[in-house]
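Trainee:
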Amino acid sequence: MPALKINEIQEWVAFQVSPYRLKHIQGVAQTSVRLAKRYGLPEEEALLAGWLHDCAKEKTRVEMKQWIRKAGFHLDPEEEKIPGLWHPHAGAAMALVKWGIKDKGVLEAIRCHTLGSPKMGPLAQAVFVADFIEPSRHFKGVDLARALARRNLKEAVLAKASITIQFLFEKRMKIHPRLLETWNQFLLEH
Ligand SMILES: [Fe+2]
Ligand SMILES: [Fe+2]
69 MPALKINEIQ
79 EWVAFQVSPY
89 RLKHIQGVAQ
99 TSVRLAKRYG
109 LPEEEALLAG
119 WLHDCAKEKT
129 RVEMKQWIRK
139 AGFHLDPEEE
149 KIPGLWHPHA
159 GAAMALVKWG
169 IKDKGVLEAI
179 RCHTLGSPKM
189 GPLAQAVFVA
199 DFIEPSRHFK
209 GVDLARALAR
219 RNLKEAVLAK
229 ASITIQFLFE
239 KRMKIHPRLL
249 ETWNQFLLEH
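In terms of the numbering used here, the sequence shown is numbered consecutively and its last residue is 258.
#1: Look up Asn-252 in the DSSP assignment and say whether it is helix, strand or coil.
#2: Need the endpoints of the alpha helix (DSSP H) that Arg-102 sits in, please.
#3: Look at Leu-109 and Ala-194 and say whether their C-beta atoms are less than 9 Å apart.
#4: For Asp-199, which of helix, strand or coil comes out of DSSP?
#5: Any heavy atom of ligand 2 closer than 8 Å to the Cβ of Asp-211?
#6: What residue from Ser-86, Glu-147 and Met-132 has the CA that sits closest to Ala-160's CA?
#7: Should Lys-125 be listed as close to ligand 2, given that the test is whether its C-beta is under 8 Å from any heavy atom?
#8: Specify the secondary structure class of Pro-110 as computed by DSSP and reduced to three states.
#9: By Cβ distance below 7 Å, which residues in the same chain neighbour Ala-124 in space, the five residues on each side in sequence not counted?
#10: Compute the minimum distance between the beta carbon of Asp-199 and the heavy atoms of ligand 1, and state whether it is under 8 Å.
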């Protein structure tokens, strides 16, 4: 990926989202690169996935569906019912269709950044964790998650999964089965 294209993508993302979201995105990109360095993962791919992970977050439901269709992606029946879970797929669709990004690891990292996946690779793990611990995140448990991310990426995946599941329980919100599958799988692997 030429440096010029990354600059172009960064400028474009800044026009897709609010300043508040842009700050989060910059934090995720920076943290993804830091984790990539720490765990020997491709830094340029981490930067790209971090920048693009929430690019569709502020699109309308209609727009998100259009991008998902254009890319030939599919939502599972549970995701269909929860519009908050559409933006990872729509974001990966924009990366693929608008920017011609075909790298499987980058697309997986964008698509799995919210629920994780029991099969996700190391780059997707790094972005999944970066989304949770980037510098502008403040919640109970974030410091522990940050400390774990420095030592063991899979432990940090487990921390995000468990804290998120706990939050959803407390709010009496629906838990997508893939988040539980992520938890169950990484429990075996870490
Ligand atoms: Fe997101
Ligand atoms: Fe995010």
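Just so you know, even glycine gets a beta-carbon here, dropped at the ideal spot from N, CA and C.
Mentor: In short, the structure shows the following:
#1: helix
#2: 87-107
#3: yes
#4: helix
#5: no
#6: Met-132
#7: yes
#8: coil
#9: Met-132, Trp-135, His-155, Ala-158, Gly-159 and Met-162
#10: yes
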